[in-house]
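**Student:** According to this note's numbering, the sequence shown is numbered sequentially starting from 144.
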Amino acid sequence: SQLPKKSKVAIGSSDSSYVEMIKSSLLSGILSLGHEVFDLGKTILPIAKKAVKQHKLSNGVYLRDRTDGEIIIEFFDSNGSIIDKGMQRKIQHTFLRDDFQRCVYDDIQKVQIFPNINEIYMTNHIKNFDVDLISEENLVIGCSTTDKITLELLLSYLGRLGVKPVQLKNNSPKSQYDLIIAVEDYGNIIRLGIDDFMTDNTYNHILNSIITCKSGMVDYITLPLNSPKIIQDIAEKYHINVKWSKISNYEPPDIFEFASRIIEYMCSNKVKFNDLLDEIPPYYWKHKNVSCPWEAKGKVIRQLMKVENPKTKIETLEGVKLHHEGGCVLVLPDPEKAFCKVYGEGYTEEFAESITEELIEKIEKIRDGK
144 SQLPKKSKVA IGSSDSSYVE MIKSSLLSGI LSLGHEVFDL GKTILPIAKK AVKQHKLSNG
204 VYLRDRTDGE IIIEFFDSNG SIIDKGMQRK IQHTFLRDDF QRCVYDDIQK VQIFPNINEI
264 YMTNHIKNFD VDLISEENLV IGCSTTDKIT LELLLSYLGR LGVKPVQLKN NSPKSQYDLI
324 IAVEDYGNII RLGIDDFMTD NTYNHILNSI ITCKSGMVDY ITLPLNSPKI IQDIAEKYHI
384 NVKWSKISNY EPPDIFEFAS RIIEYMCSNK VKFNDLLDEI PPYYWKHKNV SCPWEAKGKV
444 IRQLMKVENP KTKIETLEGV KLHHEGGCVL VLPDPEKAFC KVYGEGYTEE FAESITEELI
504 EKIEKIRDGK
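(1) Below 8 Å on the Cβ atoms is my contact criterion, and I expect V195 with F219 to pass it. Report the Cβ-Cβ distance as a whole number of Å.
(2) Would C471 and I506 be called neighbours here (beta carbons separated by less than 8 Å)?
(3) In the DSSP assignment, find the unbroken alpha helix (DSSP H) run with C410 in it and report its ends.
(4) Assign G487 to one of two classes, buried (16 or more other C-beta atoms within 10 Å of its C-beta) or exposed (fewer than that).
(5) If I'm right that I332 touches I323 with Cβ under 8 Å, what's the distance once you round it to whole angstroms?
(6) Go through its chain and collect everything with a Cβ distance to D343's Cβ below 8 Å, but skip five positions before and after it.
(7) Quick check on the burial criterion: 16 or more other C-beta atoms within 10 angstroms. Buried or exposed for V283?
(8) Could you give the distance in angstroms between the alpha-carbon of A402 and the alpha-carbon of V306?
(9) Where do the N-terminal and C-terminal ends of the beta strand (DSSP E) with K429 fall, by residue?
(10) What residues in its chain sit with their C-beta under 6 Å from that of H430, if we drop five residues either side in the sequence?
(11) Between which two residues does the beta strand (DSSP E) harbouring I423 extend?
(12) Look at I292 and D208 and say whether their C-beta atoms are less than 8 Å apart.
(13) Could you name the residues of the same chain whose beta carbon sits closer than 6 Å to that of Y188, not counting the 5 residues immediately before and after it, in chain order?
(14) Mapping DSSP to helix, strand and coil, what is V443?
(15) Quick check: K151 and S224, are their CB atoms within less than 8 Å of each other?
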């Protein structure tokens, strides 16, 4: 076990019966190590993460099913953040070696049940927003989720926030909604949209940054390294500093908090979602993967750092980031699969495509020993 003895561990899961079975086995295993277990019941990922931090527990575990039948088990630290890849590997090795220090039966604790964890989460979140202001605008929000429990929680939460939430139907015209919220993977992914447009993670980072910078409540914002530089330009406009974080260390905003901030911003400024999208400056961003075996990844990064052009600035916070005049390219070796991720950004779409493809060619030559 990677935990100190008598740690306090939260465990929650999706509402699938076979996930519940695996959860029961995992719960028994944690008890056998002498730890105290707090059962969160059936919930979603952001609520499980928040519960760990809010109740000052040592760690947390969340289990959920995927459409392909696999079960994902996520581990959190005491801040409710996903543990890093290094700790994940330690847990895997401990499991494979069966290297557990089991306790004597007198040290086995009773399971503590956390009742109404979903209700507590929603009540605490709602307090942070101006429900009266939001209610005055009578917004109609179309809601779509990939699972039943998330849909129930999303509809309940939005109704209490002061909007009219409506489950999105396949044949219903999207133009009747002021905003569309689509949540996937038990709260792990959120997309916002209007008509036929839906945001992705990059758009979400930009929108959240715009609202945060305009609020005047912060001195800096933290962004993952694979965010477009356009966000830094937005921050500088409002005299806000940017701190870049390793992608593995970055914790995205809670999805309910993010959606609520967007809704409150629309209501307080009396703007439509399209108006908020119009505040995003043009940017040109490319993301591609290039195959790279494990044994070549270190060589690729080392060679890319040997830049001959003195005008090219190099960053090595994570992977290697090359800053050119008018753009930049980030190369990140994938920690789990045999490829490298390449992110390119430029002042035109053509330039972004050009510097991305140029770097992919370099990676392929280094990989192939040419």
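We put the CB at the ideal spot given by N, CA and C, even for glycine.
**Tutor:** This is what the structure gives:
(1) The sequence position of residue 195 within the sequence shown is 52, counting from 1. The sequence position of residue 219 within the sequence shown is 76, counting from 1. Separation of the CB atoms of V195 and F219 is rounded to 5 Å, and the pair is thereby assigned contact status at 8 Å.
(2) Your numbering for residue 471 matches position 328 in the sequence shown. Your numbering for residue 506 matches position 363 in the sequence shown. No, the pair does not count as a contact, with Cβ atoms beyond the cut-off.
(3) In the sequence shown, the residue the question calls residue 410 occupies position 267. C410 -> alpha helix (DSSP H) spans I398 to N412.
(4) Numbered from its first residue, the sequence shown carries residue 487 at position 344. The residue is buried, with at least 16 neighbouring Cβ atoms inside 10 Å.
(5) Numbered from 1 along the sequence shown, position 189 holds the residue referred to as residue 332. Numbered from 1 along the sequence shown, position 180 holds the residue referred to as residue 323. Between I323 and I332 the Cβ distance is about 14 Å, and since that is not below 8 Å, they are no contact.
(6) As a working note, residue 343 is residue 200 in the sequence shown. Cβ neighbours of D343 beyond the five flanking positions: R334.
(7) The residue given as residue 283 occupies position 140 in the sequence shown. Classification of V283: exposed, given that the 10 Å Cβ count is below 16.
(8) Working through the sequence shown from its first residue, we reach residue 402 at position 259. Working through the sequence shown from its first residue, we reach residue 306 at position 163. Distance from the CA of A402 to the CA of V306, rounded to the nearest whole angstrom, comes to 12 Å.
(9) On the sequence shown, residue 429 is found 286 positions in, with the first residue counted as 1. Looking at the DSSP string, the run of the beta strand (DSSP E) that includes K429 is Y427 to S434.
(10) Taking the first residue of the sequence shown as position 1, residue 430 is located at position 287. Taken in chain order, the residues that qualify are Y486.
(11) If you number the sequence shown from 1, residue 423 lands on position 280. From DSSP, I423 is part of no beta strand (DSSP E); its letter is neither H nor E.
(12) In the sequence shown, counting from the first residue as 1, residue 292 sits at position 149. In the sequence shown, counting from the first residue as 1, residue 208 sits at position 65. No, they are not a contact pair.
(13) To locate residue 188, count along the sequence shown from 1; it is residue 45. Sequence check: residue 188 is Leu here, not Tyr. So the list reads Y205, Y329, G330 and N331, once near-sequence residues are dropped.
(14) For the purposes of this step, residue 443 is taken as residue 300 along the sequence shown, with counting starting at 1. Reduced to three states, the DSSP call for V443 is helix.
(15) Position 8 of the sequence shown, counted from the first residue, corresponds to residue 151. Position 81 of the sequence shown, counted from the first residue, corresponds to residue 224. No; because the gap between Cβ atoms is not below 8 Å, this pair is not in contact.
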